[in-house]
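Below: one structure, written as structure tokens.
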Amino acid sequence: MKILVLGSGAREHTIIQALRRDPEKHDILAAPGNAGIAADADIVALNPTNPLVVTDFATSSDIDLVIIGPEAPLVAGVANQLRSAGIAVFGPEREAAALEGSKAFAKDVMASAGVPTGQAWSVETSEELIQALDQSEGPYVVKADGLASGKGVLVTDDRQAAIEHAEFYLQHGPVLVEGFLSGPEVSLFFLSDGTRVMPLTPAQDYKRAYDNNEGPNTGGMGAYSPLPWLPKNFVADIQRDVAEPTITELASRGMPFVGLLYCGLILTSEGVKVIEFNARFGDPETQVVLARLSSPLAPLLLAAAQGDLTQVAPPKFSRNVAVTVVLASEGYPDNPHTGRDIHGLDALASHKYVRVAHAGTGFDGAQLLATGGRVLSVVATGKDFDQARERAYAALEKITLEGSFYRRDIAQGVSA
Ligand code: GLY
0 MKILVLGSGA REHTIIQALR RDPEKHDILA APGNAGIAAD ADIVALNPTN PLVVTDFATS
60 SDIDLVIIGP EAPLVAGVAN QLRSAGIAVF GPEREAAALE GSKAFAKDVM ASAGVPTGQA
120 WSVETSEELI QALDQSEGPY VVKADGLASG KGVLVTDDRQ AAIEHAEFYL QHGPVLVEGF
180 LSGPEVSLFF LSDGTRVMPL TPAQDYKRAY DNNEGPNTGG MGAYSPLPWL PKNFVADIQR
240 DVAEPTITEL ASRGMPFVGL LYCGLILTSE GVKVIEFNAR FGDPETQVVL ARLSSPLAPL
300 LLAAAQGDLT QVAPPKFSRN VAVTVVLASE GYPDNPHTGR DIHGLDALAS HKYVRVAHAG
360 TGFDGAQLLA TGGRVLSVVA TGKDFDQARE RAYAALEKIT LEGSFYRRDI AQGVSA
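Written out as structure tokens, the structure is:
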């Protein structure tokens with residue numbers, strides 16, 4: 000199969016690494032990619048958020064399947080254009096991708112579909128904001144309605160900080176004030192062909208920058224899978240109570256969701272609730288989910304893209320565990336230092352149980368450099384969490400990047 004992957008993060012590198020493990024040999028292209036992806040795919044210099052440019056390239060290059068990694072091309076309508084040109088694309092059209100692109104839209108879909116979620120008030124003015132904060136019991140949860148690269152969410156006890164955060168985002172569009180929910184969080188992904196869903200395997204993400212869940216929110220600093228502490232039947236319950244009603248509701252609105260439905264869930268004392276939906280694979284959760292995938296990836300994504308998941312058997316996952324730890328540049332997430340040299344990856348290249356997925360990396364001549372906040376994900380597998388953690392952290396010790404940091408508590412205390 001000839002496959003084009005759009006995106007430049009560790010998620011896309013992980014997807015490409017998984018495609019390369021398929022028994023069928025694929026011809027893999029990536030745009031724009033990064034230094035790590037360049038070793039595993041042919042890089043194409045095109046703007047992944049431009050629907051016409053992507054579609055012209057996919058048509059003229061006889062691409063069999065386009066996989067859209069990040070949210071920006073989805074919201075820009077890249078899937079709409081590809082699909083109307085008859086090209087199989089794994090990723091929802093703009094209208095369905097609003098499930099991630101607009102938090103107010105997601106709440107409306109959940110309300111119609113009867114999907115359990117927290118209370119929320121969508122506000123557009125300072126007066127509405129104050130009324131909503133008065134109704135919220137605190138801590139205050141304030142979210143920008145649209146995409147904000149992981150920076151739009153603030154959870155705080157400080158009412159003034161909540162007001163300032165909301166006022167900043169109100170300049171750009173609506174803001175959501177949500178009721179605070181507490182409990183362990185779970186990310187669960189479903190493939191969707193527009194009418195049916197197929198679950199992958201649960202993972203847990205670590206969103207705060209520093210150990211013990213301290214520091215600012217980030218895109219994700221680490222993850223592990225499976226989650227041995229989940230209740231029995233968790234996946235089937237979420238499929239029945241969350242994924243299927245959501246996909247059915249979107250289909251009934253004439254906006255079928257074809258791609259990856261990311262359910263961000265929280266196990267509260269009142270039951271499981273949806274915190275957020277995303278319209279694409281999560282990063283870094285994908286690193287651990289796909290590390291455990293033991294059946295081919297491309298046929299699953301192609302079947303979803305072609306609107307018929309009944310063509311394929313459900314994915315299989317290894318009983319081994321997987322842990323990923325993100326190496327971040329000094330100053331991430333607020334003000335990451337970039338342009339510094341990275342050393343030590345060669346020593347890991349042939350490790351049997353450790354893989355490195357590149358995110359913010361590039362080359363200056365032959366020298367590998369950090370070009371972003373999240374630089375790379377070290378992904379380790381093992382028979383249990385102690386072994387996988389040991390392997391991941393031993394690998395991180397070998398990598399040098401001045402000023403960089405990573406969390407030391409990913410999957411700590413989890414027993415298989
Ligand atoms: N790790 C969170 C996300 O992908 O949105």
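Sequential numbering from 0 applies to the sequence shown in numbering that gives the first Met the number 0.
We put the CB at the ideal spot given by N, CA and C, even for glycine.
With fewer than three CB-CB distances shorter than 8 Å, the stretch 121-139 does not count as touching the stretch 75-95. According to the DSSP assignment, Glu136 belongs to no beta strand (DSSP E), since it is labelled neither H nor E. By the CB criterion at 7 Å, Phe256 and Ile246 fall inside the cutoff. Remark: the C-beta of Gly68 is outside contact range of ligand 1, defined as less than 6 Å to any heavy atom. Ala112: member of the alpha helix (DSSP H) spanning Lys102 to Ala112, first to last residue. For Arg207, the enclosing beta strand (DSSP E) covers residues Arg207 to Tyr209.
About 5 Å separates the CB atoms of Ala29 and Val4; that is less than 8 Å, so the two are in contact.
Closest in C-alpha terms to Leu146, from the list Leu98, Asp192 and Ala112, comes Leu98. When the five nearest sequence neighbours on each side are left out, the beta carbons in the same chain lying within less than 8 Å of the beta carbon of Arg407 are those of Asp210 and Tyr392, in order along the chain. Per DSSP, reduced to three states, the secondary structure at Gln170 is coil, with no helix or strand assignment. DSSP places Ser317 in the coil class of the three-state scheme, outside both helix and strand. Per DSSP, reduced to three states, the secondary structure at Ala235 is helical. Going by DSSP, Val43 is part of no alpha helix (DSSP H) at all; its letter is neither H nor E.
Annotated three-state conformation of Tyr392 is helix, per DSSP. Check the Cα spacing between Ser414 and each of Asn319, Glu396 and Phe362: the tightest is with Asn319.
Counting along the chain, no alpha helix (DSSP H) covers Ile2; the unbroken beta strand (DSSP E) around it starts and ends at Lys1 to Gly6. The Cβ neighbour count for Asp204, taken over all protein chains shown within 10 Å, is at least 16; the residue is labelled buried. Chain-ordered, the residues whose CB falls short of 5 Å from any heavy atom of ligand 1 come out as Asp204, Gly219, Gly281 and Asp282. For the stretch 229-293, the full-length beta strand (DSSP E) segments reaching 3 residues or more read 257-267 and 270-277 along the chain.
In chain order, Pro295 place their CB closer than 8 Å to the CB of Pro22, counting only its own chain and leaving out the 5 sequence neighbours on each side.
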